[in-house]
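Protein sequences appear in the order of chains A and L.
For the first sequence, the working numbering assigns the number 29 to the initial residue and increments by one for each residue that follows.
For the second sequence, the working numbering assigns the number 29 to the initial residue and increments by one for each residue that follows.
Report on the following structure.
Number of protein chains: 2
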Amino acid sequence: MAEREVDRSVSQTVKAQLALRDQILSGSLRPGERISELQAVETTGASRTPVRMALVRLEEEGLLEAIPSGGFMVKAFSERDISDSIELRGTLEGLAARFAAERGVSARELESLKECLSAIDELLRQVPISVDAFSSYVTLNARFHALLTELSRSQPLIRQIDRASAMPFASPSGFVMAQSALPEAQQILIIAQEHHRVVIDAIENREGARAEAIMREHARLAVRNLRLALRNRTHLDLLPALALIKTATD
Amino acid sequence: MAEREVDRSVSQTVKAQLALRDQILSGSLRPGERISELQAVETTGASRTPVRMALVRLEEEGLLEAIPSGGFMVKAFSERDISDSIELRGTLEGLAARFAAERGVSARELESLKECLSAIDELLRQVPISVDAFSSYVTLNARFHALLTELSRSQPLIRQIDRASAMPFASPSGFVMAQSALPEAQQILIIAQEHHRVVIDAIENREGARAEAIMREHARLAVRNLRLALRNRTHLDLLPALALIKTATD
DNA sequence: ACCCCCGCTATTGTATACATAACGTATTCA
DNA sequence: TGAATACGTTATGTATACAATAGCGGGGGT
C-alpha cells in the first residue's frame, strides 16, 4: 500500500487535528455523533495513533466529549453555552486590557494597535461595506484582539484566552461572520470600532478599570448580536458551524 | 514478561496522567527538564501509547511544554505566572458568582453553601487552628469554591475554571497550604471566610456586581499571601511544587 | 409471541515494532 | 590544537498488531 503519501513537513497529528476540527466546524460530523477512529483514519490519511492524539487534543479543546464506554463524540452547544463563551472571552480580554493598562505598553506596541485601528477605520469609510472589505475587517479585527491579548504580558492569561476562543463563535473572527448578514451590520461595526478606540485610549492613559470595562462591553455587544443573528437564522445558512448549536434543548 | 500487572478498572492513560502529574508537582521532574518517554514508561508502568496520551493531556493542561524538536519538557513558572493564574481564577470565579446571583439559585443550593460556611466557622473557632483542622479547612474551602462554580450553571465557565485551577498554586486548595506557615494565617483565614459570607449574601440578594467584586477581592488576597509566603520561603520547603517557580528569571 | 441469554462482530484501549531525525562523540584535517 | 564532519546511538513520530469489551443480533426457551 504505497499510496499513502506522507508529508513530513507537518506532523500527522497536527494534520489530523486540523482535518477533524474542520470536519466538526463544517458540519460533516454532527453534534452527538460518535467519531469512528477508523473512519477518521480514512478521512485524514493519518494512522490511528496520531488520530487518537488529535482526538485527545480536540477533547481538551472542548469540541469533543469523551464517551464513558470509550471513544469520543462531537459536543453539542446550547445557545447559552455560546453566549457564555463570548462573555467569558470578554471577561478574559477585559483582564488582559487591564493588565496592559496597569503594566504599561511600549510606544511601539501602542503604535501597532493604532495602525490596526486606522486600517479598520479606512474600511468602515465605505458605505455599505463590500464583501471583501468585510473579509479584511475580520482579519484586522482578529489581529487587534490578538495584539491586545499579547499586551497583557501574561502567559497564563494568553493561554486561557486562546482556549476560550476555540469555542465555536467565541473567537474574535469566528462570529463576526454571522453579523454581516444583519441589517444593523454597519452600525454594529462602528460601535465595535469605538470600543477599540476607547480601549486604546484607556491603555494609553493607564486607566485599567476603564480598559477592562470597555472590553466587557465589547463582548456584551457581541452577545446581543448573537441573539439577533440567531433570530435571523435564514441569513445564516451559510454558517455550517451553526449546526453545533442544539436547537431542541435550552 | 508477566510481571506487568494491568489494572483494568482505570485506564492506563489516566494512571499515567496521574502518576506524571504527581511527579511534576512533587518535584521529581524538574522544570525545564525533558521528559523521557521511555523513563515515563518505566515509572508509570504503562506503555508508550497511553504515556503519550497522558503527555498530550498534561501539555494541554499547561504543566508541560512541547519541545519544537520533539517531546515535552516540564514547564517553569515565574512568580508572576502564578499570581496571574490566581487572579485569573478569581476573575473567572467572579463571573461565576455573578452568573449565580443573576440567574438565581435554589434554596437547596444556597443551603449547601451555608452548610459549608458554617463548617468552616466551626473550624475557625479554635485558636490557634490545629493541623488536622487545617486539613479539613482545605477540603471545605475547595468544596465551597466548587459549589460556587457549579452555581454559575455555565458549562463553558466551569470548564475554564477547572483548567485555570490546574495551574500549580492556582487551585483553591493547592495554595492555601502555603499560607498555613505564615504568622498571619489566622487573620487571613478569617478574612477569607468573611469573603465567603459576603458572596453568599450577594448571591442570595441577587447582587451580581457585588458577588463578582468580592470574589475578585478574594483572589487579590490570595495573591498578596503568595507574595508574603514566597518571602518566607524557609517555611515553605515542605511544598515541593514551589520548585516549579523559576527563581532566576523575572 | 415475547423476552432473555449467548455468541459474534466491530471498535476501542494497549502494546510494540519500525522509521526517521536529532544529538553527541570521535576522528581527521587544517 | 581547534573545528568541522561523519557516523553511531538514542529518542521521538508513526504504523500496526493484539486484546478486551461493549453493543447487537439471532436463536432458543418460556
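Every residue, glycine too, gets a C-beta built ideally from N, C-alpha and C.
Only a predicted model underlies this, so the values are computations on that prediction, with no experimental measurement involved.
Counting C-beta pairs with one atom in each stretch, the segment 185–197 of chain A and the segment 96–112 of chain A have three or more that are closer than 8 Å, which means they touch. Residue state for Met243 of chain L is assigned as helix, using DSSP reduced to three classes.
Beta bridge pairing from DSSP links Val102 of chain L with L:Leu92. Using a Cβ-Cβ cut-off of 9 Å, Thr177 of chain A is close to nothing in chain L; its nearest Cβ partner there is about 13 Å away. At least one beta carbon of chain L lies nearer than 7 Å to the beta carbon of Val84 of chain A. For Arg62 of chain L, the pairing in a beta bridge is given by DSSP as L:Met101. Secondary structure of Ile273 of chain L (DSSP, three-state): strand. In the displayed model, Leu83 of chain A falls within a helix according to three-state DSSP. Contact between Ala128 of chain A and Leu176 of chain A holds: CB atoms are separated by about 7 Å, below the 8 Å threshold. The three-state secondary structure of Gln221 of chain L, taken from DSSP, is helix. Taking 7 Å as the cut-off between beta carbons, the residues of the segment 95–128 of chain L near chain A are Asp109, Asp112, Ser113, Leu116, Thr119 and Leu123, in sequence order.
Beyond the five residues adjoining it in sequence on each side, Thr119 of chain L comes within less than 8 Å, by CB distance, of Arg244 and Ala247 in the same chain, given in chain order. In terms of beta-carbon proximity, Gln67 of chain A stays away from the interface with chain L, with every pair separated by 7 Å or more. Around Pro184 of chain A, the beta-carbon contacts reaching into chain L at under 7 Å are Asp109, Asp112, Ser113, Leu116 and Met195.
For the set A:Ser97, A:Leu249, A:Arg80 and A:Glu232, the Cα lying nearest the Cα of Gln221 of chain A is the one of A:Leu249. Under the Cβ distance rule, Glu61 of chain A does not count among the residues neighbouring chain L, no pair being separated by less than 7 Å. In the DSSP assignment, Ala161 of chain A falls within the alpha helix (DSSP H) that extends over Val159 to Leu179.
CA-to-CA, the gap between Arg187 of chain L and Gly90 of chain L works out to about 14 Å.
If you draw a 10 Å sphere on the C-beta of Ile148 of chain L, you find 16 or more other C-beta atoms in it, and that means buried. For Glu88 of chain A, the nearest beta carbon of chain L is closer than 7 Å to its own beta carbon. L:Cys144 is the residue among L:Ser180, L:Cys144 and L:Leu210 whose C-alpha sits nearest the C-alpha of Ser164 of chain L. In the same chain as Ala47 of chain L, and ignoring 5 residues on each side of it, the C-beta atoms closer than 6 Å to its own belong to Thr72, in chain order. Within 10 angstroms of the beta-carbon of Leu66 of chain L lie fewer than 16 other beta-carbons, which makes it exposed. Counted as a single uninterrupted DSSP element, the alpha helix (DSSP H) harbouring Phe127 of chain A occupies residues Glu107 to Arg131. Judged by beta-carbon spacing, Ala44 of chain A lies beyond the 7 Å limit of Pro96 of chain A, meaning their Cβ atoms are not closer than that value.
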